[in-house]
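K.L.:
Here the protein sequences come in this chain order: A and B.
If you're matching positions, the first sequence starts at 1 in this note's numbering and goes up one per residue.
If you're matching positions, the second sequence starts at 1 in this note's numbering and goes up one per residue.
Even glycine gets a Cβ: it sits at the ideal position worked out from N, Cα and C.
Protein chains: 2
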Amino acid sequence: MSNRDGIVIGLLGVGTIGSSVMRIIGERQRIISERLGCPIYIKKALVRDLDRSRDVDMSRLTTSVADILDDPEINVVIEVLGGENPAHEYIARAIARGKYVVTANKEVMAKHGLELLHQARENGVDIYFEASVGGGIPLIGPFRQDLAANEIVSIKAIINGTTNYILTRMAQSGTEFGAALRQAQELGYAEPDPTNDIQATDAAYKLAILATLAFRVPVRPPDVYREGIDRLHPRDFQYARELGYAIKLLAIAKRIGDGVEVRVHPAFLPNDFLLAQVNDVYNGVHVEGDLVGKVLFYGQGAGPAPTSSAIVADVIDLAQDLQKGVANRSVFKPNSALALLPMEAVRTRYYLRLQVADRPGVLAQIAKICGDNDISIASVIQKEVSDLAPFAEIVIMTHAAREDHMRAALVAMRLSSSVKEIGNFIRVEGND
Amino acid sequence: MSNRDGIVIGLLGVGTIGSSVMRIIGERQRIISERLGCPIYIKKALVRDLDRSRDVDMSRLTTSVADILDDPEINVVIEVLGGENPAHEYIARAIARGKYVVTANKEVMAKHGLELLHQARENGVDIYFEASVGGGIPLIGPFRQDLAANEIVSIKAIINGTTNYILTRMAQSGTEFGAALRQAQELGYAEPDPTNDIQATDAAYKLAILATLAFRVPVRPPDVYREGIDRLHPRDFQYARELGYAIKLLAIAKRIGDGVEVRVHPAFLPNDFLLAQVNDVYNGVHVEGDLVGKVLFYGQGAGPAPTSSAIVADVIDLAQDLQKGVANRSVFKPNSALALLPMEAVRTRYYLRLQVADRPGVLAQIAKICGDNDISIASVIQKEVSDLAPFAEIVIMTHAAREDHMRAALVAMRLSSSVKEIGNFIRVEGND
Numbered sequence: 001m002s003n004r005d006g007i008v009i010g011l012l013g014v015g016t017i018g019s020s021v022m023r024i025i026g027e028r029q030r031i032i033s034e035r036l037g038c039p040i041y042i043k044k045a046l047v048r049d050l051d052r053s054r055d056v057d058m059s060r061l062t063t064s065v066a067d068i069l070d071d072p073e074i075n076v077v078i079e080v081l082g083g084e085n086p087a088h089e090y091i092a093r094a095i096a097r098g099k100y101v102v103t104a105n106k107e108v109m110a111k112h113g114l115e116l117l118h119q120a121r122e123n124g125v126d127i128y129f130e131a132s133v134g135g136g137i138p139l140i141g142p143f144r145q146d147l148a149a150n151e152i153v154s155i156k157a158i159i160n161g162t163t164n165y166i167l168t169r170m171a172q173s174g175t176e177f178g179a180a181l182r183q184a185q186e187l188g189y190a191e192p193d194p195t196n197d198i199q200a201t202d203a204a205y206k207l208a209i210l211a212t213l214a215f216r217v218p219v220r221p222p223d224v225y226r227e228g229i230d231r232l233h234p235r236d237f238q239y240a241r242e243l244g245y246a247i248k249l250l251a252i253a254k255r256i257g258d259g260v261e262v263r264v265h266p267a268f269l270p271n272d273f274l275l276a277q278v279n280d281v282y283n284g285v286h287v288e289g290d291l292v293g294k295v296l297f298y299g300q301g302a303g304p305a306p307t308s309s310a311i312v313a314d315v316i317d318l319a320q321d322l323q324k325g326v327a328n329r330s331v332f333k334p335n336s337a338l339a340l341l342p343m344e345a346v347r348t349r350y351y352l353r354l355q356v357a358d359r360p361g362v363l364a365q366i367a368k369i370c371g372d373n374d375i376s377i378a379s380v381i382q383k384e385v386s387d388l389a390p391f392a393e394i395v396i397m398t399h400a401a402r403e404d405h406m407r408a409a410l411v412a413m414r415l416s417s418s419v420k421e422i423g424n425f426i427r428v429e430g431n432d
Numbered sequence: 001m002s003n004r005d006g007i008v009i010g011l012l013g014v015g016t017i018g019s020s021v022m023r024i025i026g027e028r029q030r031i032i033s034e035r036l037g038c039p040i041y042i043k044k045a046l047v048r049d050l051d052r053s054r055d056v057d058m059s060r061l062t063t064s065v066a067d068i069l070d071d072p073e074i075n076v077v078i079e080v081l082g083g084e085n086p087a088h089e090y091i092a093r094a095i096a097r098g099k100y101v102v103t104a105n106k107e108v109m110a111k112h113g114l115e116l117l118h119q120a121r122e123n124g125v126d127i128y129f130e131a132s133v134g135g136g137i138p139l140i141g142p143f144r145q146d147l148a149a150n151e152i153v154s155i156k157a158i159i160n161g162t163t164n165y166i167l168t169r170m171a172q173s174g175t176e177f178g179a180a181l182r183q184a185q186e187l188g189y190a191e192p193d194p195t196n197d198i199q200a201t202d203a204a205y206k207l208a209i210l211a212t213l214a215f216r217v218p219v220r221p222p223d224v225y226r227e228g229i230d231r232l233h234p235r236d237f238q239y240a241r242e243l244g245y246a247i248k249l250l251a252i253a254k255r256i257g258d259g260v261e262v263r264v265h266p267a268f269l270p271n272d273f274l275l276a277q278v279n280d281v282y283n284g285v286h287v288e289g290d291l292v293g294k295v296l297f298y299g300q301g302a303g304p305a306p307t308s309s310a311i312v313a314d315v316i317d318l319a320q321d322l323q324k325g326v327a328n329r330s331v332f333k334p335n336s337a338l339a340l341l342p343m344e345a346v347r348t349r350y351y352l353r354l355q356v357a358d359r360p361g362v363l364a365q366i367a368k369i370c371g372d373n374d375i376s377i378a379s380v381i382q383k384e385v386s387d388l389a390p391f392a393e394i395v396i397m398t399h400a401a402r403e404d405h406m407r408a409a410l411v412a413m414r415l416s417s418s419v420k421e422i423g424n425f426i427r428v429e430g431n432d
């Protein structure tokens, strides 16, 4: 693929992100061209429906993907369709035809990223995906390049803006989950069907991408342990505040010996951990490397402008390679010494909220269950209740314990006559 | 310069940073080589004194810079001497001989960076300087690459770990400046002669580098307005806390129309601005771009391991180019439409602490001076004093006012019989 004609782009998808990319490349064409030393333009853009009026140059729109994939003049394909199919098929076909690809598609990259990187290498081109995680926050670049000298110790990340908005509302206004979700939907921060966000599927895709790059070990979405945010209760936020914590949906990848944990679940974060201060729709990615120490990347994780920022930066980046006729600056070499760890082996501290019978000896019984399961209690809160309340509420913070031990303890507590209900249990992650 | 023999490095300087680089490249040689697909090693390292025992391979040390610069096999020079000379001369000579350069030298890059980039381009090589600002925090990469699609709106940065440590001590323990400085020196966070840190010279170098890249306008160290931290008083920290602010040494570059402000001085930051939470020796760089919105980069800004992280990443980056026989991926193209703004034209809010006569009418007089100079008062604190105290203390927070108006008001206050002393005045920067 020659660069004689400059960067000729085919755009797959003209939704909010696609229109934003078209507008920005149009408006900044002269500046970007000057920088690259060659022309750059979007030749054709794929839409489903030509009749819908759009605020873009309609003459470039097409409903036939072949108009883009079969056009030998187009050397760069930007994919912003979203979803697994047909995006995955189009990307693979573009690479097979020797086109560079820029994608914002976390699902495709999480499920098929390594195969696509390999296919790109075979075809002498490259696939760029900075926009797939964290909107415009530089993350893929840093992991592929800037932190390359490090052995990564851990990633702790707030990488889903929708759930972070909901949790911020619940923390700041005492709102119930359902009401906070409706607020997010009204503001356009949550989709009409919010399942992928709420159930942490979206965060798991993003974590799979980051963990694969950071630890050089293939992580697929089913490898990521996943818990959503819908069982969080305003009382959990009250206790968190009292105890000096925030509650966040945290994506965690952590190296333990020759193993790597990958999990997404709600977590207590101490207030003096900077991640605890990441609020509203913002994202924050905390990385620890053996050389660099602790670094944090923070910004808006979504939206047309931030996502376009990442896409256009990727185009500028690859254009420099394309002009010089090179590709594959950074090659993924898996580290075969590492293996993924099962959730059962994870060790964390826990917050545990229990409804218990209000009678003597109950705390001793619960403490015994913990002890029998090798769980050491760090602190207990039990508040006075009125004489009329038949049950009391106990909150226990544990020291670090194994997940399988905690699960066994929870089973024993459910069987115990003293425990009416497991209110909630939430893992605690520190800045360590 | 061919890559047939791989990456052959000459190291200039074997102090704490240089030894760390030697050790890391030694320990990770196999992993890095596999990644690059070619060997990598440090062939020679320049020291001043061969007799001093060092924890490195002594056989590679030399006291003659010509052993490195005149060795045609060496294709990469890493400069970690620090200081302007002879580092600048050595870097220029290395480039002239067609060697790639990696430097951690903020002074050389701030004073001569654009000329060196130009010289590198002329010689078909490149100069990398990620380690010159913010230790291992990715900053140069993001500005040159990841944020390239943006018009940068502002940079607000805590980029000097020494002063941030001192200010954190003053804020958290009520320590006086002198005592906090001595603590920093005892811990090795401040040098025996701390002038460059305290007087903000170091931060000004780093800001000059970042602002040049971000706004594509040449910024030299003398262009940066500079105020140090030595006139900060424990009482300023008390008032800041009462008012909900932190005090930080802030490096600011901000676009206003066709102008760019560049300044480093102590600043009040509201507590809900994430930068206000950047404590101890940590650095934080807050960037606003027109597309990406607000992003923050946070981490350790100094130290052998973080600095080595950046240097080795630069080596890996350039090695990919060197292997493919290309250079100058990112070319600096100045934006001639922008000009630097004088400090007098800057508009900010101010905190003003005054010792005043404790008698009726004083506040009215001060308010009149402000009004006469187009300065609008946002709030006033005046505390009750004992009958015995001859003077009272007033703290004024202003709305945004021009720097030259504020200076004129300060002159008028000094001449006023009501004002005994200007305790301090500190600019206020928000998250806007």
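Mind checking if B/Arg35 is an interface residue toward chain A, Cβ cutoff 8 Å exclusive?
P.N.:
yes
K.L.:
Which full runs of the beta strand (DSSP E) of 3+ residues lie inside the segment 52 to 115 of chain A, going along the chain?
P.N.:
Secondary structure remark: continuous beta strand (DSSP E) runs of at least 3 residues inside the segment 52 to 115 of chain A, in chain order: 76 to 79, 100 to 103.
K.L.:
Any idea if A/Pro518 is buried or exposed, counting beta-carbon neighbours within 10 angstroms, 16 or more meaning buried?
P.N.:
Absent from the model: residue 518 of chain A. The displayed extent of chain A is 1 to 432, so no value can be given.
K.L.:
Distance cutoff 8 Å, beta carbons only. Does B/Gly26 sit that close to anything in chain A?
P.N.:
no
K.L.:
I need the straight-line Cα distance from B/Gln238 to B/Arg226, nearest angstrom please.
P.N.:
24 Å
K.L.:
Going by DSSP, which residues form a beta bridge with B/Asn283?
P.N.:
B/Gly299
K.L.:
Can you give the Cα-Cα distance for B/Ile158 and B/Leu46, rounded to whole angstroms?
P.N.:
Approximately 33 Å between the Cα atoms of the pair.
K.L.:
Residues of the segment 293 to 317 of chain A in Cβ contact with chain B at a cutoff of 7 Å, in chain order, please.
P.N.:
Gly293, Lys294, Val295, Leu296, Phe297, Tyr298, Gly299, Gln300, Ala305, Pro306, Ser308, Ser309, Val312, Ala313, Ile316, Asp317
K.L.:
When the Cα atoms are used, what is the spatial distance from B/Asp126 to B/Val315?
P.N.:
11 Å
K.L.:
Can you list, in chain order, the residues of the segment 116 to 139 of chain B whose Cβ is nearer than 8 Å to any Cβ on chain A?
P.N.:
Glu130, Gly135, Gly136, Ile137, Pro138
K.L.:
Give the list of continuous alpha helix (DSSP H) stretches no shorter than 4 residues that lie fully inside the segment 118 to 198 of chain B.
P.N.:
161 to 173, 177 to 186, 195 to 198
K.L.:
Below 9 Å on C-beta distance, what does A/Leu250 contact in chain B?
P.N.:
Simply none; closest approach about 17 Å.
K.L.:
Can you tell me whether A/Val419 is helix, strand or coil according to DSSP?
P.N.:
strand
K.L.:
Out of A/Val326, A/Leu296, A/Tyr245, A/Gly15, which one is the CA nearest neighbour of A/Ala276?
P.N.:
A/Tyr245
K.L.:
To test your reading of the DSSP string, which unbroken beta strand (DSSP E) runs of 3 or more residues are found completely within the segment 332 to 359 of chain B?
P.N.:
347 to 357
K.L.:
Let's see if you can read the secondary structure: which residues bound the beta strand (DSSP E) around A/Leu250?
P.N.:
It spans 245 to 256 - the beta strand (DSSP E) in which A/Leu250 sits, taken as one unbroken run.
K.L.:
Between B/His289 and chain A, is any beta-carbon pair separated by less than 8 Å?
P.N.:
Note that residue 289 of chain B corresponds to Gly in the displayed sequence, not to His. So yes, B/Gly289 belongs to the interface.
K.L.:
Count the other C-beta atoms from every protein chain shown that fall within 10 angstroms of the C-beta of A/Arg414, then say buried if there are 16 or more, exposed otherwise.
P.N.:
With fewer than 16 Cβ atoms within 10 Å of its Cβ, A/Arg414 is classed as exposed.
K.L.:
So that I know if they touch, is there some Cβ in chain B lying closer than 8 Å to that of A/Val326?
P.N.:
Interface residue, yes.
K.L.:
Taking C-beta pairs closer than 7 Å, name the residues in chain A that B/Ala148 reaches, listed in chain order.
P.N.:
Ala313, Ile316
K.L.:
Check the DSSP bridge columns for A/Tyr225 and list the partner residues they point to.
P.N.:
A/Arg263
K.L.:
Let me check one thing: in DSSP terms, what residues is A/Asp8 bridge-paired to?
P.N.:
The sequence shown places Val at residue 8 of chain A, rather than the Asp named in the question. DSSP, once it has assigned bridges, lists A/Tyr41 as partnering A/Val8.
K.L.:
Give me the chain A residues within the contact set of B/Gly141, using Cβ-Cβ distance strictly less than 8 Å, ordered along the chain.
P.N.:
Pro138, Gly141, Pro142, Gln145, Asp146
K.L.:
Using the three-state DSSP reduction, which class does B/Ala240 fall into: helix, strand or coil?
P.N.:
helix
K.L.:
Among the candidates B/Val292, B/Phe215, B/Arg407, B/His286, whose CA atom is the shortest distance from the CA of B/Val260?
P.N.:
B/Phe215
K.L.:
Helix, strand or coil, according to DSSP, for A/Arg414 in the structure here?
P.N.:
Correct three-state label for A/Arg414: helix.
K.L.:
Taking only three categories from DSSP, how would you classify A/Leu274?
P.N.:
Annotated three-state conformation of A/Leu274 is helix, per DSSP.
K.L.:
Who pairs with B/Met397 in a beta bridge, going by DSSP?
P.N.:
B/Tyr351, B/Ser379
K.L.:
Kindly give me the distance between the Cβ atoms of B/Thr168 and B/Asp280, rounded to whole angstroms, as I take these residues to be in contact under 8 Å.
P.N.:
Going by Cβ atoms, the distance from B/Thr168 to B/Asp280 rounds to 5 Å, so yes, they are a contact pair.
K.L.:
I want to verify the contact list: residues of chain B whose CB lies under 7 Å from the CB of A/Gln277, in sequence order.
P.N.:
Leu274, Gln277
K.L.:
Of the choices A/Ile24, A/Gly82, A/Leu354, whose alpha-carbon is the least far from that of A/Val56?
P.N.:
When each option's Cα is compared against that of A/Val56, the closest is A/Ile24.
K.L.:
What does a CB cutoff of less than 7 Å around B/Gly430 pick up in its chain, not counting 5 residues either side in sequence?
P.N.:
Pro270, Phe273
K.L.:
Show which residues of chain B have a CB atom less than 8 Å away from the CB atom of A/Lys333.
P.N.:
Correct list: Glu34, Arg35.
K.L.:
According to the neighbour-count rule (16 or more other Cβ atoms, all chains shown, within 10 Å of its Cβ), is B/Lys333 buried or exposed?
P.N.:
exposed
K.L.:
So, helix, strand or coil for A/Ala392, using DSSP?
P.N.:
strand
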